[in-house]
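Reviewing the structure listed below.
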Amino acid sequence: MLNLYQFPTGRRLFCLLNVREVLESAGIDDLRAEVERAIAADRATRELEDHYRGSKVEPEHAPEAAELDAELSRSLSALDGVLAATLKAFGGKSPPGVSAVFARSRLFPHGVRHMRRMSFVEREVAVETLLLRAQTERRLAQEIRRLGVQSFVERVAEVNVRYRRALQVTDATKPSYAEVLAARKAGQEALSGIVVSLMARLRGADKGKESRALALALQQVIDQNAAIKRHRRRRRHVTDVDPETGDEVADDGGGGDGEDFDEADGDDGGGEDFGAAEEDEEDGQPREEADAA
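Listed below in structure tokens is the structure:
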């Protein structure tokens, strides 16, 4: 029985290329045609993923986004710096110190450095949350006025308006995350169908060159499936591979805003069971991705 996990596209393409080579060598052309279709579809999926991640398109944000990001970071640091200086000057038990501690805890609950490490979009959302608290939380608004940092908060708000506009300039041709997931699901379904075909053909084959070739072709899928299982058991991120060489590659992730394309749903034994071939021809829907954008 083969418990088939969700394959990253590169791993799937790598094993399909190996399967094709084995089938070509053995002259098993009827199954090779099915593999060729799956390879073509996965190559298209790789292009779609690259497009989504932004490696083959213009930056998704306006050119001034990076400059405004730096300006916003400086404004946030200035606001936090005034609060920190107040605390240092007056001490944490003094009225100004108590006010500063409270304001920092509400404006920067995880620290200003945490906000500076965020992606563009995440930081804009975090700043919106900060500003909303400053406007709607009565005590926080009072402490901001008491500390005299209202102008710093207003500066953050002004920069964030321009920052948000810059982030809204996106590439209209960029595929959606749902499109990428649909392509990957179709690729996994194609791989599942090939496994069923190989197992059914192997079951009916006489011992000899053809049965050895079919077993070797199936082993290409088993080997990559085992590699994924090892990663999952160690609670590690399931890395992708170069489809031409099989070497593990670093996941670019598309930057801070990028979604993870590589990890299967669930942790233990969550996959697709291939036992008797006649049963698997009836079902065998691939596992779907765990997370949406």
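For any residue, its number in our numbering is found by taking its place in the sequence shown, counting from 1, and adding 5. Backbone N, C-alpha and C fix where the C-beta goes; we use that ideal spot for every residue, glycine too. Small disclaimer: the values here were computed from a predicted structure and weren't measured.
- Secondary-structure assignment with DSSP links L152 through no beta bridge to anything.
- Between L186 and Q193, the alpha-carbon positions lie close to 10 angstroms from each other.
- In the structure shown, D211 falls within a coil segment according to DSSP collapsed to helix, strand and coil.
- Contact annotation: A139 and A131 have beta-carbon atoms that are not nearer than 9 angstroms.
- With the rule of 3 Cβ pairs closer than 8 angstroms, the region 197 to 206 does not count as touching the region 102 to 116.
- In this model, Y57 and Y182 are separated by some 7 angstroms (Cα to Cα).
- Assigned with DSSP and collapsed to three states, D47 falls in helix.
- D245 carries a strand assignment under DSSP once its states are collapsed to helix, strand and coil.
- About 13 angstroms separates the beta carbon of L73 from that of A162, a gap too long to meet the 8 angstroms contact definition.
- Secondary structure at E253: strand, using DSSP grouped into helix, strand and coil.
- By the Cβ criterion, the region 244 to 254 is not in contact with the region 31 to 40, since fewer than three pairs of Cβ atoms, one from each stretch, lie closer than 8 angstroms.
- About 5 angstroms separates the Cβ atoms of Q225 and V24, confirming a contact at the 8 angstroms cut-off.
- CA-to-CA, the gap between F157 and T134 works out to about 16 angstroms.
- As the crow flies, the alpha-carbon of A191 is around 11 angstroms from that of Q11.
- Every alpha helix (DSSP H) of 4 residues or more that sits fully in the region 67 to 125 is shown, in chain order, as 70 to 95, 100 to 112, 117 to 121.
- Taking 8 angstroms as the upper bound for CB-CB distance, A43 and L196 are in contact here, some 6 angstroms apart.
- Counting only residues of its own chain and dropping the five nearest sequence neighbours on each side, E41 has a CB closer than 8 angstroms to the CB of R25.
- Where E26 is concerned, the enclosing alpha helix (DSSP H) starts and stops at 14 to 31.
- When the alpha-carbon of P114 is set against those of P101, D85, A94, the nearest one is in D85.
- Looking at the backbone, the Cα of V154 and that of A67 are separated by about 31 angstroms.
- In its chain, beyond the 5 residues on either side, no residue has a beta carbon closer than 7 angstroms to the beta carbon of T141.
- Nearest to A89 by C-alpha distance, out of A75, P100, A105, is A105.
- Note on geometry: alpha-carbon atoms of P180 and G213 lie some 47 angstroms from one another.
- By the CB criterion at 9 angstroms, R121 and S82 fall inside the cutoff.
- Per DSSP, N165 has no beta bridge partner at all.
- For R150, there are no CB contacts under 8 angstroms within the same chain when 5 residues up- and downstream are skipped.
- E127 and R17 have their C-alpha atoms some 32 angstroms from each other.
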